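A.B. asks: Below you will find the structure I want to go over with you.
Number of protein chains: 2
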Amino acid sequence: MSPVQTTRESRLKELKSAIREIPDFPKKGILFYDITTLLKDPKSFSAILEEMASPYKGAGIRKVVAIEARGFIFGAPLAHRLGAGFVPIRKPGKLPADVYESTYSLEYGNSTIAVHQDAIGRGERVLLVDDLLATGGTMEAAVDLVKRLGGEIFGLAFLVELLDLKGRDKLKNYDIQSLIQY
Amino acid sequence: MSPVQTTRESRLKELKSAIREIPDFPKKGILFYDITTLLKDPKSFSAILEEMASPYKGAGIRKVVAIEARGFIFGAPLAHRLGAGFVPIRKPGKLPADVYESTYSLEYGNSTIAVHQDAIGRGERVLLVDDLLATGGTMEAAVDLVKRLGGEIFGLAFLVELLDLKGRDKLKNYDIQSLIQY
Chain H
15 MSPVQTTRES
25 RLKELKSAIR
35 EIPDFPKKGI
45 LFYDITTLLK
55 DPKSFSAILE
65 EMASPYKGAG
75 IRKVVAIEAR
85 GFIFGAPLAH
95 RLGAGFVPIR
105 KPGKLPADVY
115 ESTYSLEYGN
125 STIAVHQDAI
135 GRGERVLLVD
145 DLLATGGTME
155 AAVDLVKRLG
165 GEIFGLAFLV
175 ELLDLKGRDK
185 LKNYDIQSLI
195 QY
Chain F
15 MSPVQTTRES
25 RLKELKSAIR
35 EIPDFPKKGI
45 LFYDITTLLK
55 DPKSFSAILE
65 EMASPYKGAG
75 IRKVVAIEAR
85 GFIFGAPLAH
95 RLGAGFVPIR
105 KPGKLPADVY
115 ESTYSLEYGN
125 STIAVHQDAI
135 GRGERVLLVD
145 DLLATGGTME
155 AAVDLVKRLG
165 GEIFGLAFLV
175 ELLDLKGRDK
185 LKNYDIQSLI
195 QY
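In order, the protein sequences belong to chains H and F.
Using our numbering, you'd call the opening residue of the first sequence number 15 and step up by one each time.
Using our numbering, you'd call the opening residue of the second sequence number 15 and step up by one each time.
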């Protein structure tokens with residue numbers, strides 16, 4: 015292992031240790047990974063964004079698309095760092111102009127997300143960003159929206175990935191980056 | 015007028031012209047200022063963040079506090095640019111650890127926002143960020159939360175201000191910046 019790898023690994027390990035684990039939230043039996051303890055520390059927040067941006071530098075990303083609400087916390091600074099435009103994917107009824115919607119399954123019932131129809135130009139290179147890759151349902155719906163707009167999906171970036179939930183299986187046609195795994 | 019001022023003014027005018035006006039959203043009689051057309055343009059998004067950050071450079075801001083969800087789009091990159099930590103203010107039930115809540119009046123009924131009790135250290139210098147200053151009710155509640163945590167409020171930053179609604183009157187003890195006014 016090279017010294018560079020070792021440094022990156024120890025940095026990621028340190029970032030992981032700054033995440034707070036909260037049992038039984040939002041309901042009994044769920045262990046919630048609370049990233050607010052990571053975000054509030056200037057050095058950690060800066061390190062996360064640096065690491066997340068690094069694979070996409072010089073890749074010609076034109077739009078960073080992020081999912082409401084926690085996805086905005088990473089997507090907006092990444093757009094800024096990469097010199098890209100920022101596109102929010104939101105819950106229905108929030109975006110005021112013409113939208114496309116995509117509905118996906120949750121454990122109980124469904125959920126829907128929306129994007130403006132003029133948010134992305136045909137063939138524009140897109141990076142999709144969210145805080146968490148769990149079952150992959152939300153990101154699959156977001157991918158569907160970007161494809162309907164004609165965007166070229168360059169990659170999907172997450173801060174945290176829950177490996178047991180196998181979200182990657184739903185997204186196997188895409189390049190996926192997650193900084194921290196459980 | 016100096017050439018520098020002229021340049022800044024013409025830049026802000028250009029940014030304002032990139033905002034899309036949508037009548038009767040979210041309901042009849044309301045003119046909605048849609049900032050997504052500004053965000054999706056890389057140069058405009060970058061220019062906004064540069065202008066918003068500029069008064070706070072070197073001011074020793076330790077935490078940038080932003081209000082869910084659109085506030086995150088500006089607050090997170092500003093925290094990154096200013097070398098500060100990021101603190102989200104969210105709707106009730108979203109933050110998993112102990113919170114303080116603050117309730118404020120809307121046109122019809124009330125709304126509540128929450129912040130983690132450990133989000134800000136006593137005496138830390140704080141910048142509060144949101145996309146829009148309308149009646150000022152939401153920001154007034156956010157100020158209340160930051161004060162309960164012992165934060166020292168350095169300023170309040172908005173992208174857009176609706177002058178007719180006199181939000182500044184509710185927030186007159188604080189330094190307020192808005193880039194674009196209607």
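Even for Gly, the Cβ is constructed at its ideal location relative to N, Cα and C.
These numbers come from a predicted model, not from an experiment.
1) Name the chain H residues that come within less than 9 angstroms of ALA32/F, Cβ to Cβ?
2) Would you tell me roughly how many angstroms separate the C-alpha atoms of THR117/F and ILE75/H, rounded to the nearest one?
3) Tell me ASP48/F's beta-bridge partners as DSSP assigns them.
4) In the structure shown, what three-state DSSP assignment does LYS77/H receive?
5) Would you kindly check if the distance between the Cβ of LYS105/H and the Cβ of ALA128/H is under 9 angstroms?
6) Using C-beta distances below 7 angstroms, list every residue in its chain close to ARG201/F, excluding the 5 sequence neighbours before and after it, in chain order.
7) What are the complete beta strand (DSSP E) segments, minimum 3 residues, inside the segment 116-176 of chain F?
8) What would DSSP say about PRO106/H, mapped onto helix, strand or coil?
9) Just confirm the distance between the C-beta atoms of ALA148/H and LEU179/H, as a whole number of angstroms; I'd bet it's less than 8 angstroms.
10) Please list, in chain order, all residues of the same chain as ARG34/F whose beta carbon is under 7 angstroms from its beta carbon, the five residues on each side excluded.
11) Looking only at its own chain, which residues have a Cβ that is under 8 angstroms from the Cβ of GLY150/F, when we skip the five neighbours before and after it?
12) At least one CB of chain F closer than 9 angstroms to the CB of SER125/H: is that the case?
13) Determine the burial state of ARG136/H: buried for a count of at least 16 other Cβ atoms within 10 Å of its Cβ, exposed for fewer.
14) Could you tell me if GLY99/H is buried or exposed, where buried requires 16 or more neighbouring beta carbons within 10 angstroms of its beta carbon?
15) On the three-state DSSP scale, how would you describe TYR70/F?
16) On the three-state DSSP scale, how would you describe LEU193/H?
17) When you compare only the Cα positions, how much space is there between ARG139/H and LEU146/H?
18) Answer yes or no: does any C-beta atom of chain H fall closer than 9 angstroms to that of ILE167/F?
19) What residue does the alpha helix (DSSP H) around PRO91/H start on, and which one ends it?
20) With burial defined as no fewer than 16 other Cβ atoms inside 10 Å of the residue's Cβ, what is the status of LEU45/H: buried or exposed?
21) Is DSSP giving PHE100/H helix, strand or coil here?
22) Quick one: which residues of the segment 39-62 of chain F get their C-beta closer than 7 angstroms to a C-beta of chain H? List them in chain order.
23) Tell me, to the nearest whole angstrom, how far the beta carbon of GLY85/F is from that of ASP158/F; I am working on the premise that it is less than 8 angstroms.
24) Along the segment 80-107 of chain F, what residues have a CB closer than 7 angstroms to any CB found in chain H?
25) Are PRO102/F and ILE194/H close, meaning C-beta to C-beta below 9 angstroms?
C.D. replies: Working from what's here:
1) Those within 9 angstroms of ALA32/F in chain H number zero; the least Cβ separation is about 11 angstroms.
2) 41 angstroms
3) ARG34/F
4) strand
5) yes
6) The requested residue 201/F does not occur in the structure, where chain F is confined to residues 15 to 196.
7) 124-130, 139-147 and 166-175
8) coil
9) 5 angstroms
10) ASP48 and THR51
11) LEU179, LYS180, GLY181, ARG182, ASP183, LYS184 and LEU185
12) no
13) exposed
14) buried
15) helix
16) strand
17) 22 angstroms
18) no
19) 84-96
20) exposed
21) strand
22) PHE39, PHE46, ASP48, THR50, LEU53, LYS54, ASP55, PRO56, PHE59 and SER60
23) Their Cβ separation, rounded to whole angstroms, is 16 angstroms, which puts GLY85/F and ASP158/F out of contact at 8 angstroms.
24) GLU82, ALA83, PHE86, ILE87, ALA90, PRO91, ALA93, HIS94, GLY97, ALA98, GLY99, PHE100, VAL101 and PRO102
25) no
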